[in-house]
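Following: one structure in structure tokens, then a few remarks.
2 protein chains.
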Amino acid sequence: MLSPIRAQSFEPTVHLDANLDAVLATPCACPRFARDEEIFGEGETADYVYQVVSGAVRTYRILRDGRRQIDEFHFAGDYFGLELGEAHRVTAEAMTDTTIRMIRRGALSDLAARRGDAARAILRLTAEGLQRSQDHVLMLGRRSACERVAGLLLDIAERTNAKAELDVPMSRQDMADYLGLTIETVSRTLTSLQDEGLIALPSVRHVVLQDRRALERMTA
Amino acid sequence: MLSPIRAQSFEPTVHLDANLDAVLATPCACPRFARDEEIFGEGETADYVYQVVSGAVRTYRILRDGRRQIDEFHFAGDYFGLELGEAHRVTAEAMTDTTIRMIRRGALSDLAARRGDAARAILRLTAEGLQRSQDHVLMLGRRSACERVAGLLLDIAERTNAKAELDVPMSRQDMADYLGLTIETVSRTLTSLQDEGLIALPSVRHVVLQDRRALERMTA
DNA sequence: CGGTTTTTTGATCCAGATCAAGCTCTGTGG
DNA sequence: CCACAGAGCTTGATCTGGATCAAAAAACCG
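Taken in sequence, the protein lines are chains W and Z.
In this text, residue positions in the first sequence follow numbering that gives the first Met the number 0: the first is 0, and each later residue adds one.
In this text, residue positions in the second sequence follow numbering that gives the first Met the number 0: the first is 0, and each later residue adds one.
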């Protein structure tokens with residue numbers, strides 16, 4: 000969650016991620032998706048890998064009775080939809096108006112077969128996803144509502160390169176479904192963080208981190 | 000958790016996992032660890048990748064105040080300790096007397112650089128770990144205590160190739176720390192599953208799945 | 001504006017945590 | 001072979017963080 004994943008690299012001296020970006024900067028479809036529009040659905044054939052150009056995306060799964068768990072939020076630059084098997088295991092939707100780059104999966108595996116650096120970049124993306132998922136497990140398994148909300152805010156700040164003031168692209172429901180809470184609890188937690196002076200909420204989708212140190216202490 | 004990960008493969012017709020096993024079947028240190036002995040600690044340099052030969056391993060992280068979250072259980076054949084960065088992000092301990100195969104990380108990356116199939120096998124292992132972690136997130140975020148316990152039992156059964164009767168190598172505390180619950184809740188849930196006739200508990204570390212269908216219905 | 005959706009706030013409830021005994025295994029030494 | 005200590009597990013009583021139910025207040029939007 001808070002680990003500086005994006006600053007790490009398998010081979011510290013080489014920017015493989017950038018490398019993959021460069022290699023793939025060949026003609027690619029870059030469709031736009033409106034807010035709440037589906038990009039792909041759970042169970043669909045995974046013919047493409049996706050990258051957020053601008054905007055933000057949520058990937059989630061739903062249980063039979065409608066309970067939803069958001070797996071991950073994806074921001075500009077992030078890849079998503081990379082699958083091991085033939086089918087997507089999650090549904091992906093745009094959270095705001097979003098531009099997406101689509102890369103044919105076949106093209107990607109060809110590239111990986113030809114170039115070791117591309118193969119390593121794909122491995123790195125997958126391993127970063129695993130690290131993030133493990134942080135998510137720790138969050139859901141052993142943290143209180145307050146710690147979870149604080150952690151999410153810091154994570155968004157880091158991933159969108161925000162300083163103190165941050166744009167929250169997701170609804171309270173999205174936050175709740177990511178954090179394993181209800182909307183009410185998320186809302187109450189945010190107001191109590193505001194009452195304690197740790198954050199300010201100038202508007203619903205705007206948060207100011209007023210005491211980042213204190214927030215970080217909660218999530219350590 | 001219940002998805003048949005082990006049956007999937009990136010290239011459906013080739014058994015890459017077996018391939019990696021074969022390639023690595025060269026002279027390797029195979030130390031034994033006693034129950035509860037540490038294999039590696041969080042923060043230590045990740046010089047090796049590990050494979051369970053026999054026995055079972057838990058990997059976990061601990062928060063400042065002692066809360067523990069078990070990340071994953073590893074059974075015979077499973078690889079663990081594969082890291083993106085230089086350091087291990089979790090601690091690994093033997094749950095029972097366990098034999099472990101240690102593979103030099105350098106040897107593995109050399110191999111991956113030389114052989115595309117080895118690189119793909121490593122990617123596959125990482126991606127499987129990611130899938131498992133995502134299932135874990137869904138479990139912790141949106142499932143009840145009862146659903147979690149049922150899910151764990153079915154997962155153990157599958158991964159240890161047990162039919163109805165299964166050997167549970169972990170303590171109640173381990174289950175609790177994997178499931179994001181307390182020992183008391185795990186214990187109570189097991190007894191209530193027994194009372195409902197879904198399982199039997201001939202001894203503490205022995206479970207008989209008496210109505211697997213019903214258990215599966217809980218976790219779907 | 002008025003209608004709809006989203007968010008906040010309030011009141012109440014409950015699943016699972018916590019606190020507190022007992023109980024059941026082990027193993028150990030006499 | 002038994003007494004008994006210690007760890008791990010179960011069970012019981014109570015508490016509580018977050019869920020649920022309900023409604024008011026913002027925000028959004030034609």
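Ideal Cβ placement from N, Cα and C applies to all residues, glycine included.
Exercise. With DSSP as the reference, please indicate the residues paired to residue 38/Z in a beta bridge.
Key: Beta-bridge pairing links residue 38/Z to no other residue.
Practice problem: Work out the CA separation of residue 78/W and residue 57/Z for me, nearest whole Å. | Solution: Those two C-alpha atoms are separated by around 30 Å.
Quiz item: Beta-carbon of residue 0/Z versus every beta-carbon of chain W: anything under 8 Å?
Solution: Summary for residue 0/Z: the model assigns pLDDT 41, below 50, so the residue's position carries little reliability, and this model does not support an answer.
Quiz item: CB residue 219/Z to CB residue 63/W, shorter than 8 Å?
Solution: Pairing residue 219/Z with residue 63/W gives a Cβ-Cβ distance under 8 Å.
Quiz item: What do you reckon, are the CB atoms on residue 207/Z and residue 164/Z nearer than 8 Å?
Solution: yes
Quiz item: Are there 16 or more other CB atoms within 10 angstroms of the CB of residue 42/W, so buried, or fewer, so exposed?
Solution: exposed
Quiz item: Buried or exposed: which applies to residue 196/W, given that a residue is buried once 16 or more other Cβ atoms fall within 10 Å of its Cβ?
Solution: exposed
Practice problem: For residue 86/Z, collect the residues of the same chain with a Cβ closer than 7 Å to its Cβ; drop the 5 residues on either side in sequence, then sort them by chain order. | Solution: Result list for residue 86/Z: 42, 43, 44, 45, in chain order.
Exercise. Find the nearest neighbour of residue 153/Z within the set 67/Z, 216/Z, 36/Z, judged by alpha-carbon distance.
Key: Comparing Cα positions, the closest option is 216/Z.
Quiz item: Which residues in the same chain have their Cβ closer than 7 Å to the Cβ of residue 181/W, if we skip the five residues on either side of it in sequence?
Solution: So the qualifying residues of the chain are 175.
Quiz item: Per DSSP, what kind of secondary structure is residue 213/W in: helix, strand or coil?
Solution: Here residue 213/W sits in helix by DSSP.
Exercise. Would you grab the beta carbon distance between residue 76/Z and residue 51/Z for me? Rounded to a whole angstrom, and I think it's under 8 Å.
Key: With 8 Å as the limit, residue 76/Z and residue 51/Z qualify as a contact, their Cβ atoms being about 7 Å apart.
Exercise. State yes or no: is the beta carbon of residue 135/W nearer than 8 Å to at least one beta carbon in chain Z?
Key: yes
Quiz item: Where residue 135/Z and residue 136/W are concerned, what is the direct C-alpha to C-alpha distance, given to the nearest angstrom?
Solution: 7 Å
Quiz prompt | Buried/exposed call for residue 131/Z, threshold 16 Cβ in 10 Å | solution = Residue 131/Z should be labelled buried.
Quiz item: When burial is assigned at 16 or more other CB atoms within 10 Å of the CB, is residue 168/Z buried or exposed?
Solution: buried
Self-check item: Near-chain W residues of the stretch 111 to 133 of chain Z (beta-carbon distance less than 7 Å), N- to C-terminal order
Solution: For the stretch 111 to 133 of chain Z, the residues whose beta carbon sits under 7 Å from a beta carbon of chain W are, in order, 112, 115, 118, 121, 122, 123, 125, 126, 127, 128, 129, 130, 132, 133.
Quiz item: Residues of chain W with CB under 7 Å from residue 70/Z, in chain order?
Solution: 133, 136
Practice problem: Counting only the same chain and skipping the five closest in sequence on each side, list residues whose C-beta sits under 7 Å from that of residue 47/W. | Solution: 80, 101, 102, 103, 104
Self-check item: Close-in-space but distant-in-sequence residues of the same chain around residue 193/W (CB under 7 Å, 5 per side omitted)
Solution: 199, 200
Quiz prompt | Straight-line gap, residue 170/Z to residue 94/Z (C-alpha atoms, nearest Å) | solution = 8 Å
Practice problem: Quick one: residues in its chain with C-beta nearer than 6 Å to the C-beta of residue 210/W, no 5 flanking neighbours on either side, listed in chain order? | Solution: 197
Quiz item: Straight-line CA distance for residue 14/Z to residue 115/Z?
Solution: In this prediction, residue 14/Z has a pLDDT of 47, which is less than 50 and means its spatial position is unreliable; what the coordinates show is noted afterwards. Roughly 14 Å between the two C-alpha positions.
Quiz prompt | Limits of the unbroken alpha helix (DSSP H) element including residue 122/Z | solution = 115 to 141
Quiz item: residue 145/W: buried (16+ other C-beta within 10 angstroms of its C-beta) or exposed?
Solution: With 16 or more Cβ atoms within 10 Å of its Cβ, residue 145/W is classed as buried.
Quiz item: Who are the near neighbours of residue 59/W in its chain, counting only those whose CB is closer than 7 Å to its CB and skipping five residues on each side?
Solution: 67, 68, 69, 70, 89, 90, 176
Quiz item: Should residue 179/Z and residue 107/W be called a contact, given that it needs their Cβ atoms to be closer than 8 Å?
Solution: no
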